[in-house]
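Since the structure comes first, as structure tokens, the remarks are kept for the end.
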Amino acid sequence: MKPLFPPTELPKYLYSPTTTLKNQKGNCFDFSVLLCSLLIGAGYDAYCVSGYATREMCLMDETRVICPLIKEAKEVSEGTQKKIPKKYSVKPPRDLMSKFELQQSAKQERKILLINENKLMENKQRIVEPEKPKKDPLYGLRVHAWVLILSGKREVPENFFVNAFTGKSYSTTDDHFLGIESIWNHKNYWINMQDCRYGCKDVIFDLGDPVCWEFMLLCIDKPLLAISKLEEEEDVEEDVCEEEKEEKIFHMPPSWVQQIELSPKEFETQSPDGKKIVQYKKAKIETWAPYVKKDGLVSRLTVYDNIECSSVLEVKDWFKNRQDKLNMRIHKKPMGVIIEYFSPGRSDSLKAHIYKTLQPETERTMEFYSNARVDGLQKREENAREMIETFEERPDFLFYQHTIFGKRTKKVGIVGGINEQNLRPILKITERYHRDRAKPVYDDVAERNFLIVDERIQLIYHHEDDRIIASKWEFLKPPSTEKGTPMVLTPDMSVAYLVEPVPKFKKQLFVYEMLKGLLKAEQLTIDRVRESEAEVLDILRRRAEEEEASELTISIYDTERNEKSKKQREEMERALQEERQRQAEQELDYLAPFLARLGNPEKLVKWQAIQLRDDCLADLKERLINQANIIQARFEKETQELQKKQQWYQQNQISMTKEDEETYLAYCSEVMFRIHILEIRLNRHKELAPYQYLALEERLHNDPRLIHFL
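At position 676 of the sequence shown (counting the first as 1) the number is 676 in full-length UniProt numbering, and the numbers step up by one without a gap.
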């Protein structure tokens with residue numbers, strides 16, 4: 001953007017849209033003409049406006065504008081609901097407080113409230129005062145150009161302005177626009193006849209009203225307002241006088257501007273050098289074209305804590321074409337928290353990652369695309385002492401798993417990994433399940449606790465919808481025995497609280513099998529926890545490698561950037577060209593078949609040259625004889641068929657109809673024509689055959705490969 005200089009005067013030159021695109025720079029008039037051309041081509045009723053605007057609008061100063069990417073927190077005021085007295089409610093006790101004291105306390109509260117409001121207003125004024133722009137000595141005199149879009153076309157409901165510098169739309173009553181001198185498009189030029197002392201708030205944009213807008217050219221496309229009969233009678237004399245005078249009518253000349261064309265590369269770049277920075281109030285937006293940054297960064301929003309933009313509060317980065325599917329990263333500076341969001345397509349189905357550091361066993365939260373995982377994992381929260389996993393739509397109805405770890409002796413790094421000697425001790429694992437309607441309540445476990453340190457297992461079952469108490473089981477794990485030794489179950493190893501008596505629970509064999517299944521389930525749960533720990537380490541290791549490499553994906557259709565596909569295509573084209581050239585050379589080389597018989601020697605000797613000559617001449621002689629024999633055989637065949645047809649005609653001439661005679665004559669004419677052609681070809685072949693033989697003999701004697709030997 002180039003500001004007008006001086007800011008109170010119109011530019012000396014008005015460049016065409018194609019020139020502005022080529023130069024990639026211009027003032028507000030150049031930007032407006034380009035934008036208006038594009039909008040008119042898209043079907044909008046657009047006009048360029050020449051007028052006056054504020055300093056911020058003319059200089060594209062948005063340092064006092066709130067960034068559109070920042071959502072302001074909306075204060076929701078909850079209204080106090082009046083309590084409706086019940087008909088049979090207990091009457092409150094009689095209020096024995098003094099009304100005078102209540103009035104005095106209310107006065108005191110109002111004074112305190114007023115003082116607090118004044119303090120708030122002063123603080124707000126103190127904060128807002130430095131943010132106010134300084135007084136502009138050229139207020140109302142700064143020349144500016146923008147775009148006006150009238151309602152009607154493309155379902156536009158109302159008129160509005162568009163600032164060509166930023167592309168933002170404004171109401172026609174906005175305070176940034178202080179006046180209009182004229183507007184124009186590709187058909188006409190209108191001069192504003194209205195008073196703009198109060199800005200553009202009272203301007204009427206009916207271009208067909210000659211009182212408000214004076215058109216310059218006669219070829220107008222806006223309907224004029226109807227004139228009343230009294231005014232028409234008063235203007236009769238003036239009209240007669242004007243008709244007598246010779247009118248000079250001006251028409252809009254045809255456009256000499258070239259068609260606006262944008263290449264795909266220019267459209268993708270969007271701005272010079274592919275980079276753009278916009279400063280807002282307490283925020284800054286930086287944008288880059290795709291593939292400009294090596295890490296795929298395309299946009300960055302930096303939020304500051306103060307108006308001077310010296311203290312960073314938050315940084316948001318947006319990425320594209322990342323091989324690791326990273327599309328957004330949020331860095332909250334005061335808390336040191338980093339939030340990363342990923343697109344679907346990763347092998348680990350990672351959706352979001354909230355962390356402070358990539359070191360393992362620190363506080364972090366990972367979210368996953370549960371529908372892309374076999375285990376249905378949706379969320380994993382982890383710190384040094386616990387891990388919480390949430391699942392979705394699992395066939396076993398598991399939706400929650402909470403693991404509590406003990407203190408470890410040695411820390412684990414990303415590279416080192418976990419070994420069996422350095423595992424975190426597991427103290428407790430809690431699992432929770434949704435209700436399985438296919439099972440009865442007394443068989444459907446709601447919560448399962450493995451107290452590994454205490455060597456106990458607790459079960460809590462679901463309860464019926466009309467019950468509030470659930471059945472419970474608690475088991476003491478038997479002492480560890482050698483392999484092959486059966487497990488011993490005693491009555492004091494299980495405690496049950498059953499809401500309703502179930503006959504099978506009284507059988508000792510059923511309790512034994514239940515405890516045996518729970519011990520297996522405990523081991524499977526521990527293995528699943530260890531797999532989760534290993535997966536976390538693997539994800540952290542991969543994320544560290546991905547951030548270091550920052551590889552980008554390139555589409556196979558992007559022929560300019562896809563170097564691998566480009567080289568492969570060039571190699572294929574070169575190989576195809578060489579194959580075509582080799583085939584063409586073989587087709588043109590008349591000695592190639594005879595050289596192949598000799599093994600394609602690089603250098604010929606005398607006996608090989610003589611043999612090549614003799615073989616080549618003998619082959620030509622044989623081909624000439626064969627060709628003559630073929631022509632002679634066809635000639636004799638046609639002659640014999642004609643003689644047979646003539647004999648048939650002589651035998652059946654009496655009984656033949658007129659149509660049969662016509663068919664016979666047509667057949668004889670066609671056969672005689674073919675016999676004549678074959679006779680001519682045979683005579684011509686006999687005449688040219690000796691010359692062809694001599695020409696080949698001379699070509700062999702002059703061949704550079706045989707000339708030294710012949």
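By construction, the Cβ of each residue, glycine as well, lies at the ideal position given by its N, Cα and C atoms.
- Distances from the alpha-carbon of R681 to those of A633, A53, L14, A470 put A633 closest.
- As DSSP reads the structure, A46 sits in a beta bridge with I149.
- If you draw a straight line from the Cα of A46 to the Cα of N185, it comes to about 7 Å.
- The straight-line gap separating the alpha-carbon atoms of L519 and L476 is approximately 11 Å.
- Taking a cut-off of 8 Å on C-beta distances, the region 278-296 touches the region 51-68, as three or more cross pairs fall below it.
- Across the set Y433, R530, V502, T166, the C-alpha of R530 shows the shortest separation from the C-alpha of I426.
- Taking I277 as reference, the option from S105, M57, E661, C67 with the minimal CA-CA separation is C67.
- According to DSSP, residue pairing for M366 in a beta bridge involves H353, R380.
- Between the beta-carbon of F215 and that of N188 there is about 6 Å, and that keeps the pair under the 8 Å contact cut.
- The C-beta separation of R322 from L552 comes to about 6 Å, placing the pair in contact by the 8 Å criterion.
- When the alpha-carbon of D175 is set against those of Y139, R154, L595, E109, the nearest one is in Y139.
- For the pair F397 and F391, the CB atoms are not nearer than the 7 Å cut-off.
- By alpha-carbon distance to D273, the top candidate from E261, I260, P290 is P290.
- Here L489 is buried. Its C-beta has 16 or more other C-beta atoms within 10 Å.
- Assignment of beta strand (DSSP E) within the region 288-315, counting only whole runs of 3 or more residues, yields 297-304 in chain order.
- In the DSSP assignment, the residues bridged to H331 are V315, I338.
- Between the region 639-648 and the region 667-681 there are three or more inter-stretch CB-CB distances shorter than 8 Å, so the stretches are counted as touching.
- By the Cβ-count criterion, W607 is exposed, with fewer than 16 other Cβ atoms from all chains shown falling within 10 Å of its own Cβ.
- Contact between the region 439-459 and the region 368-377 is absent, with fewer than three C-beta pairs closer than 8 Å.
- For the pair Y590 and S550, the Cα-to-Cα distance works out to about 59 Å.
- Scanning the UniProt domain "CEP76/DRC7 peptidase-like" (143-216) from its first residue to its last, the whole beta strand (DSSP E) runs of 3-plus residues come out as 143-149, 160-162, 169-171, 177-184, 189-192, 213-215.
- DSSP places H402 inside the beta strand (DSSP E), whose first and last residues are 398-405.
- With respect to the 7 Å criterion, S32 and V143 are not classified as neighbours on the basis of their beta carbons.
- Per DSSP, the unbroken beta strand (DSSP E) holding N449 starts and ends at 445-451.
- Leaving aside the five residues that flank F165 on each side, the residues in its chain whose CB is nearer than 7 Å to its CB run, in chain order, M1, C28, F31, M60.
- Residue environment analysis places R613 among the buried positions, since at least 16 neighbouring C-beta atoms fall within 10 angstroms of its C-beta.
- Burial is judged here by how many other beta carbons sit within 10 angstroms of a residue's own beta carbon; F5 has fewer than 16 and is exposed.
- When rounded, the separation of the alpha-carbon atoms in V536 and R456 is 28 Å.
- The three-state reading of DSSP puts T430 in strand, counting E and B together.
- The three-state reading of DSSP puts Y590 in coil, since its state is none of H, G, I, E or B.
- In this structure, G296 lies near F319, with their beta-carbon atoms less than 7 Å apart.
- Between A596 and E602, the alpha-carbon positions lie close to 11 Å from each other.
- Residue burial is scored here from C-beta neighbours: Y52 has at least 16 other C-beta atoms within 10 angstroms and is therefore classed as buried.
- Within its own chain, the residues whose Cβ lies closer than 6 Å to the Cβ of H402, once the five positions on either side in sequence are excluded, are I388, T430, listed in chain order.
- Residue state for R424 is assigned as coil, using DSSP reduced to three classes.
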